[in-house]
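For the sequence shown, counting from 1, position 11 maps to 11 in the UniProt record's numbering; every step adds exactly one. Report on the following structure.
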Amino acid sequence: MIRYKSLLFRPVRFYSVRYGKPLDILFFGSDEFSIHSFKALQSLSLQKPNLISTLQLVTRPPKWCGRKKSILRKPPILEYVEKQTSNQLQPILCDTRQEMLDLLTPHLSLSTNSMLIAVSYGKLIPHELIQSANYSINVHPSLLPRYKGSAPIQHTLLNNDTVTGVSIQTLDPCKFDNGEIIARTSEINVQQLLDNENTMERTPGYMTRTMIDQLGHIGADLLSDVIGAGTYKNHGQLPDVYESSWATTIKTQDKQVDWVKYTADYIARMIAILGPVFTFKSIQVGKVHRSTDSFMNKRVLLHQAEPIKWPSQDLKPGQFQFDPVTNVIRVGCAANTQLEITNLQFEACAIESSDEFMRRLKKRCGPKAAELTTFIN
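Next comes the structure, spelled out in C-alpha cells:
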C-alpha cells in the first residue's frame, strides 16, 4: 500500500490529543470506496472508545434490477456488514430525503456531540440534518477542488492524469462538494497506484476498481487522522492550489465508441475504466430477413480488446475484419490505429468469442447486412 503525506495537515499521534466528549457518528456510505473508511472507524472506535461513542451505518436499500427486475442488488457496504460474523450492527436504510429526516432526526436529537460522515453515499444529505449535527465531513477521492462530482476516479483515468489524491471537506447543506477543504493528501502517482494491485483481475473496469481500492485505503487513513487529531473541530479552509473542475456522472452515451474520433489505445482504455463499451451493427428488418432493403441497428458490447501495435492491413474507422489465424476481430480506429477484439456481445445474446460472433453474424443480421462489415457510431 502506498503511503501518503497530507498537504497542509500534519497528523497528530492519538496519545498526544486531548480528547473531548466522544463522537456519535452517522456514517453515510454505499460502495467499495466507503467500506474502507467505515472499517477504519470501526477499528478506531474499538481502539479509542474515548474518540467514538457510537458508529451507526446509514446506507441505501437493496434494489431490484436487471431484466424483468429479477436481481436484488445490495449496496456493497450492506453486503460487507451482513457478512460480519459478530454483527450487532443494524444499518439504517434510507433512499429519499424524507426517509433520512424521519429516521435520522431522532438519532441526532439524542446526541450532544454528533458527526455526519458521508463517503460515496450518492444522495444529498438534507440541510436540516447537517445543521442539527455538531460536525459534518465528506471523504472525496480527488485533489479538491479538482474533480468535484460523482465520478472523480473515472475522469482522472480517462484524462490520463499522472497524479491524484484524497480530500476531506465539510458538508455543504445545499450542494455536492462545495464545503471547506480541511485535509488533503499530497499528490499520489496514478500509475504507482495501478501497479500496486497485482491481484486485480484485468476484466472490464479493472482500472477503476483498482483505484477505488487503493484510494479507499488512503482515504480511510486520512479520515482516521482527522478524527484522531480533532482537525474537524477548528479547521480552516485549505488554499485552492488546484483548478476547480467537475467529474460528471458517467452516462450510457459516454460508453459509446466513436470509431472516427477514438484511437485504439483510447478505446481499450475506456473498457479498462468504464467496463464494456458499445457500438452498433446494422441488421435487415423483416421476418426471416425477407425485407432486404430495410435496416436497423443492434447494439454490440465490446468486453475484451487491445490495440494492435503493427497493423498489417488498412481498415477504415469502424470497418472490421476477422483474422482466422488469431481468432480476433480487427477494427479500424482513428489516426490509422486498429483494435483487436477477443470477446464481444451481440444485443440480447450472451458474451462470445470473436469467431463465434462471426459464425452467427449472417443468421442474426441477414445476408445483405452481414456483408456490411462495419460497426456504426
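We treat Cβ as the ideally placed atom computed from N, Cα and C, and that holds for glycine.
What's the C-alpha gap between L8 and V226? Caution applies to L8, whose pLDDT of 42 falls short of 50 and renders its modelled position unreliable; the model cannot decide the point.
May I have the straight-line CA-CA distance separating F375 from M358, to the nearest angstrom? Whole-angstrom Cα-Cα distance: 13 Å.
Whose C-beta lies closer than 6 Å to the C-beta of R270 among residues of the same chain, with five residues either side of it excluded? Correcting the residue identity first, residue 270 is Met in this sequence and not Arg. Closer than 6 Å at the Cβ level, and outside the excluded window around M270, lie V277.
Which partner residues does R330 have in the DSSP bridge list? Q321, E340
Can you look up P76 in the DSSP assignment and give me helix, strand or coil? helix
When we look at the beta-carbon of N234 and count the other beta-carbons within 10 Å, is it buried (16 or more) or exposed? The residue is exposed, with fewer than 16 neighbouring Cβ atoms inside 10 Å.
Spatial neighbours of residue 430 within its chain, please: C-beta separation below 7 Å, excluding the five flanking residues on both sides. Because residue 430 is not part of the residues shown, which for the chain are 1 to 377, the question remains open.
What is the rounded straight-line gap between the Cα of D95 and the Cα of K255? 27 Å
When you compare each of K63, T373, L215, Q313 to residue 415 by their alpha carbons, which one comes out closest? Here the chain comprises residues numbered 1 to 377, so residue 415 is not present and cannot be evaluated.
V190: first and last residue of the uninterrupted beta strand (DSSP E) it sits in: From DSSP, V190 is part of no beta strand (DSSP E) but of the alpha helix (DSSP H) over 190-196.
Assigned secondary structure, L213 (DSSP; H/G/I helix, E/B strand, else coil): It is Asp, not Leu, that sits at residue 213 in the sequence shown. Reduced to three states, the DSSP call for D213 is helix.
K281, buried or exposed, once every other Cβ within 10 Å from all chains shown has been counted against 16: buried
Selected residue, minimal CA-CA separation from R339, among D258, G29, F38, D161: Per the sequence shown, residue 339 should be read as Leu rather than Arg. The candidate whose alpha carbon is nearest that of L339 is D258.
CB contact flag (I77, I130, <9 Å): no
Give me whichever residues DSSP pairs with D24 in a beta bridge. T54, S114
Within the same chain, show all residues whose beta-carbon is closer than 7 Å to that of N134, passing over the 5 residues directly before and after it, in chain order. N113, S114, M115
With DSSP as the reference, identify every bridge partner of N138, one or two as the case may be. A118, Q169
Grab me the residues of D355's own chain with a C-beta within less than 8 Å of its C-beta, minus the 5 sequence neighbours each way, in chain order. F322, P324, N327
Which whole-angstrom value is the C-beta distance of H127 and P61, which I expect to be below 8 Å? About 23 Å separates the two Cβ atoms, so there is no contact after all.
Would you kindly report the start and end of the unbroken beta strand (DSSP E) that includes K298? 295-307
Out of E187, I125, H107, S224, which has the shortest C-alpha to C-alpha gap to residue 420? Residue 420 lies beyond the stretch modelled for the chain, which goes from 1 to 377, so this question has no answer here.
At which residues does the alpha helix (DSSP H) containing K182 begin and terminate? Before going on, a small fix: residue 182 reads as Ile here, not Lys. That residue, I182, is in no alpha helix (DSSP H); its beta strand (DSSP E) goes 181-185.
Among residues of its own chain, excluding the 5 on either side of F346, which ones have a beta-carbon nearer than 7 Å to its beta-carbon? K298, V300, F357, R364
Just checking my contact of M100 with I153 at CB under 8 Å: how many whole Å lie between their CB atoms? With a contact defined as Cβ atoms closer than 8 Å, M100 and I153 miss out at about 26 Å.
For R146, count neighbouring C-beta atoms within 10 Å of its own C-beta (all shown protein chains included) and say buried if the count is 16 or more, exposed if not. buried
Three-way DSSP call (helix, strand, coil) for F33 in this model: In the three-state reduction of the DSSP assignment, F33 falls in the helix class.
Whole-angstrom Cβ separation of I168 and L222, contact assumed at under 8 Å? 6 Å
Measure the alpha-carbon distance for V58 versus I182 and round it to whole angstroms. 23 Å
Start and end of the beta strand (DSSP E) containing F278? 277-284
Comparing alpha-carbon positions, which option in C65, L158, K261 lies nearest L208? The question names Leu, but residue 208 in the sequence shown is Thr. Comparing Cα-Cα distances from T208 to each of C65, L158, K261, the minimum goes to L158.
Inter-residue spacing [alpha-carbon to alpha-carbon] between L103 and V81: 19 Å
What separation, rounded to the nearest whole angstrom, lies between the Cα atoms of D195 and I218? 15 Å
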